[in-house]
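Undergrad: Top to bottom, those sequences are chains B and R. Per our numbering, the first sequence starts with residue 122, numbered consecutively. Per our numbering, the second sequence starts with residue 122, numbered consecutively. What follows is a single structure, and I will ask about it in a moment.
Number of protein chains: 2
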Amino acid sequence: MCLIVDGEHQKDDVLVTPTNFSMVEDGIYRSGFPGPDNFGFLKTLNLRSIVYLCPEPYPEENLKFLAAQNIQLFQFGIEGKADPPVSVPGDTIMAALKILIDVRNHPVLIHCNRGKHRTGCLVGCLRKLQNWVLSSVFEEYQRFAGRKSRITDLEFIETFDIKSLRQCLYSVIYQYQGYGSKKRRLLYGEESFSYSKPRVTSI
Amino acid sequence: MCLIVDGEHQKDDVLVTPTNFSMVEDGIYRSGFPGPDNFGFLKTLNLRSIVYLCPEPYPEENLKFLAAQNIQLFQFGIEGKADPPVSVPGDTIMAALKILIDVRNHPVLIHCNRGKHRTGCLVGCLRKLQNWVLSSVFEEYQRFAGRKSRITDLEFIETFDIKSLRQCLYSVIYQYQGYGSKKRRLLYGEESFSYSKPRVTSI
Numbered sequence: 122m123c124l125i126v127d128g129e130h131q132k133d134d135v136l137v138t139p140t141n142f143s144m145v146e147d148g149i150y151r152s153g154f155p156g157p158d159n160f161g162f163l164k165t166l167n168l169r170s171i172v173y174l175c176p177e178p179y180p181e182e183n184l185k186f187l188a189a190q191n192i193q194l195f196q197f198g199i200e201g202k203a204d205p206p207v208s209v210p211g212d213t214i215m216a217a218l219k220i221l222i223d224v225r226n227h228p229v230l231i232h233c234n235r236g237k238h239r240t241g242c243l244v245g246c247l248r249k250l251q252n253w254v255l256s257s258v259f260e261e262y263q264r265f266a267g268r269k270s271r272i273t274d275l276e277f278i279e280t281f282d283i284k285s286l287r288q289c290l291y292s293v294i295y296q297y298q299g300y301g302s303k304k305r306r307l308l309y310g311e312e313s314f315s316y317s318k319p320r321v322t323s324i
Numbered sequence: 122m123c124l125i126v127d128g129e130h131q132k133d134d135v136l137v138t139p140t141n142f143s144m145v146e147d148g149i150y151r152s153g154f155p156g157p158d159n160f161g162f163l164k165t166l167n168l169r170s171i172v173y174l175c176p177e178p179y180p181e182e183n184l185k186f187l188a189a190q191n192i193q194l195f196q197f198g199i200e201g202k203a204d205p206p207v208s209v210p211g212d213t214i215m216a217a218l219k220i221l222i223d224v225r226n227h228p229v230l231i232h233c234n235r236g237k238h239r240t241g242c243l244v245g246c247l248r249k250l251q252n253w254v255l256s257s258v259f260e261e262y263q264r265f266a267g268r269k270s271r272i273t274d275l276e277f278i279e280t281f282d283i284k285s286l287r288q289c290l291y292s293v294i295y296q297y298q299g300y301g302s303k304k305r306r307l308l309y310g311e312e313s314f315s316y317s318k319p320r321v322t323s324i
């Protein structure tokens with residue numbers, strides 16, 4: 122990406138984001154399905170992995186892009202049909218969430234087809250883990266889903282049990298230290314401090 | 122913010138984001154007007170400054186919060202009325218943009234009243250500086266403005282001349298090095314490399 126180009130604006134440097142692209146957290150992005158038009162933009166993210174939430178095989182040209190950029194693909198096949206409404210499988214979202222909060226996979230891009238429902242559910246569950254109040258979680262979901270907002274997704278997010286993930290984190294401490302200069306990170310066994318019980322991490 | 126609370130979810134730790142809150146870039150956030158309910162959440166951002174885009178005086182309780190948290194306020198008074206439509210003043214947006222891209226002010230929160238129009242215009246101009254294609258810039262604007270999207274704002278963003286800012290950056294090189302492990306930063310005179318002309322910074 123060129124930010125300074127000697128005062129000239131160069132057409133071929135213009136960056137096209139995927140539909141519904143946004144940053145979720147430092148190192149976590151979300152979007153609709155990226156195509157070749159977006160590869161130039163995606164390069165600027167220095168992605169380490171992609172969390173793909175559809176059951177369909179990943180397109181050949183996207184796989185080639187991932188191989189060239191050394192980006193790992195994590196696929197979690199979730200049906201996306203609205204009619205009849207299919208409830209999002211909690212176990213699959215939980216598995217995706219574990220990949221998502223592992224900073225060894227960052228920077229990571231979450232995407233499904235349109236970046237509204239499946240992606241919105243996963244991000245909503247991440248927000249619950251971050252202790253966001255439910256109205257804030259819903260507002261963010263709806264900002265991306267717009268008129269396509271689904272009540273079944275909101276119910277899924279509301280009832281998703283985040284406690285079990287907190288339990289899982291007993292062994293891998295997710296130490297959130299805030300934004301900006303202080304960065305959150307996961308501490309692993311070999312590099313953790315000398316404590317045997319999870320700590321309450323407050324900022 | 123507590124991410125691990127010994128398997129217990131503590132009500133009083135729940136975080137309320139301001140309306141229309143989102144991360145724009147690492148170290149840059151946007152939202153609607155934050156109130157006391159949001160101060161707990163804002164603390165987690167470790168803000169260094171706030172770019173406030175309304176002409177009205179900043180509320181007393183917000184000023185107290187800023188003083189307690191050592192957050193600097195930059196106010197740029199832009200009228201927000203839609204009827205009759207007031208065109209956004211380009212000079213003011215340019216001044217705000219210079220504050221915004223100066224990493225010495227990061228982490229920074231941009232807000233106006235609802236986080237739709239004035240904030241949307243400023244973020245839109247930042248995206249032009251980042252060489253986002255105009256359709257991506259508009260899509261992001263509309264995601265936050267929703268049905269309140271204003272054609273005058275889109276026209277403002279489209280015609281906003283970013284070249285003059287690139288000229289301004291001749292003296293302060295904004296070296297964008299990407300996301301994730303590599304961080305963008307501003308280089309200042311005393312720490313810059315030995316070059317007299319702006320460099321093309323590509324990733």
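Glycine included, every Cβ here is placed at the ideal spot set by N, Cα and C.
Would residue 136 (chain B) pass as a contact of residue 156 (chain B) if the rule is Cβ separation under 9 angstroms?
TA: What you label residue 136 (chain B) is simply residue 15 of the first sequence in a count that begins at 1. What you label residue 156 (chain B) is simply residue 35 of the first sequence in a count that begins at 1. No, the Cβ-Cβ distance between residue 136 (chain B) and residue 156 (chain B) is not below 9 angstroms.
Undergrad: Can you tell me whether DSSP reads residue 171 (chain B) as helix, strand or coil?
TA: Against the first sequence, residue 171 (chain B) aligns to sequence position 50. Residue state, collapsed to three classes: strand.
Undergrad: Since residue 232 (chain B) and residue 148 (chain B) are thought to touch, with beta carbons under 8 angstroms apart, how far apart are those beta carbons, to the nearest angstrom?
TA: Within the first sequence, the letter at position 111 stands for residue 232 (chain B). Within the first sequence, the letter at position 27 stands for residue 148 (chain B). Approximately 15 angstroms separates the beta-carbon atoms of residue 232 (chain B) and residue 148 (chain B); this is outside 8 angstroms, ruling out the contact.
Undergrad: Measuring only the C-alpha atoms, how far is residue 140 (chain R) from residue 186 (chain R)?
TA: On the second sequence, position 19 is the one that residue 140 (chain R) refers to. On the second sequence, position 65 is the one that residue 186 (chain R) refers to. C-alpha separation (whole angstroms): 18 angstroms.
Undergrad: With C-beta atoms as the reference, is residue 167 (chain R) less than 9 angstroms away from residue 228 (chain R)?
TA: Reading the second sequence from its first residue, position 46 is the one you call residue 167 (chain R). Reading the second sequence from its first residue, position 107 is the one you call residue 228 (chain R). Taking 9 angstroms as the Cβ cut-off, residue 167 (chain R) and residue 228 (chain R) qualify as a contacting pair.
Undergrad: Could you give the C-beta distance for residue 246 (chain R) and residue 214 (chain R), rounded to a whole number, given that I count them as a contact under 8 angstroms?
TA: The residue you call residue 246 (chain R) lines up with position 125 of the second sequence. The residue you call residue 214 (chain R) lines up with position 93 of the second sequence. Yes, they are in contact, since the Cβ atoms of residue 246 (chain R) and residue 214 (chain R) sit about 6 angstroms apart, within 8 angstroms.
Undergrad: List in chain order: all unbroken beta strand (DSSP E) runs of 3+ residues lying wholly within the region 182–226 of chain R.
TA: Segments of the beta strand (DSSP E) lying fully in the region 182–226 of chain R: 193–196.
Undergrad: Three-state secondary structure (DSSP) at residue 150 (chain B)?
TA: Here residue 150 (chain B) refers to the residue found at position 29 of the first sequence. Looking at residue 150 (chain B) - three-state DSSP - the assignment turns out to be strand.
Undergrad: Give the secondary structure of residue 231 (chain R) by DSSP, where H, G and I count as helix, E and B as strand, and everything else as coil.
TA: Indexing the second sequence from 1 puts residue 231 (chain R) at position 110. Correct three-state label for residue 231 (chain R): strand.
Undergrad: Taking beta-carbon pairs under 8 angstroms, can you tell me which members of the region 249–268 of chain R lie near chain B?
TA: 250, 251, 252, 253, 254, 256, 257, 260, 261, 264, 265, 267
Undergrad: Taking the alpha carbon of residue 282 (chain B) as the reference point, which residue from B:243, B:202, B:260 has its own alpha carbon closest?
TA: Start at 1 with the first residue of the first sequence, and residue 282 (chain B) comes out as number 161. Considering only alpha carbons, the answer is B:243.
Undergrad: Let me know the secondary structure DSSP gives residue 254 (chain R) once reduced to three states.
TA: Mapped onto the second sequence, residue 254 (chain R) falls at position 133. In the three-state reduction of the DSSP assignment, residue 254 (chain R) falls in the coil class.
Undergrad: Does the region 255–266 of chain B come close enough to the region 186–206 of chain B to have 3 or more Cβ pairs within less than 8 angstroms?
TA: At 8 angstroms Cβ cutoff, the stretches do not touch.
Undergrad: For residue 279 (chain R), decide whether its Cβ has a neighbour in chain B, counting only Cβ atoms nearer than 9 angstroms.
TA: For the purposes of this step, residue 279 (chain R) is identified with residue 158 of the second sequence, where counting begins at 1. By this cut-off, residue 279 (chain R) is not an interface position.
Undergrad: Can you tell me whether DSSP reads residue 285 (chain B) as helix, strand or coil?
TA: As a position in the first sequence, residue 285 (chain B) is number 164, starting the count at 1. DSSP places residue 285 (chain B) in helix when its eight states are reduced to three.
Undergrad: Quick check on residue 285 (chain R): buried or exposed, where buried means 16 or more other Cβ atoms within 10 Å of its Cβ?
TA: One-based indexing of the second sequence puts residue 285 (chain R) at position 164. By the neighbour-count rule (16 or more Cβ atoms within 10 Å), residue 285 (chain R) is not buried but exposed.
Undergrad: By the 10 Å Cβ neighbour count, where 16 or more other Cβ atoms means buried, how is residue 143 (chain B) classified, buried or exposed?
TA: Here residue 143 (chain B) corresponds to residue number 22 of the first sequence, with the count starting at 1. By the 10 Å Cβ count, residue 143 (chain B) comes out buried.
Undergrad: What in chain R is Cβ-close to residue 240 (chain B), meaning under 7 angstroms?
TA: Taking the first sequence and counting its residues from 1, one reaches residue 240 (chain B) at position 119. The premise fails here: residue 240 (chain B) is roughly 13 angstroms from chain R at the closest Cβ pair, so nothing lies under 7 angstroms.
Undergrad: If the cut is a Cβ gap below 9 angstroms, which residues of chain B does residue 274 (chain R) touch?
TA: Residue mapping note: residue 274 (chain R) aligns to position 153 of the second sequence, counting from 1. Correct list: empty, because the minimum Cβ distance to chain B is about 17 angstroms.
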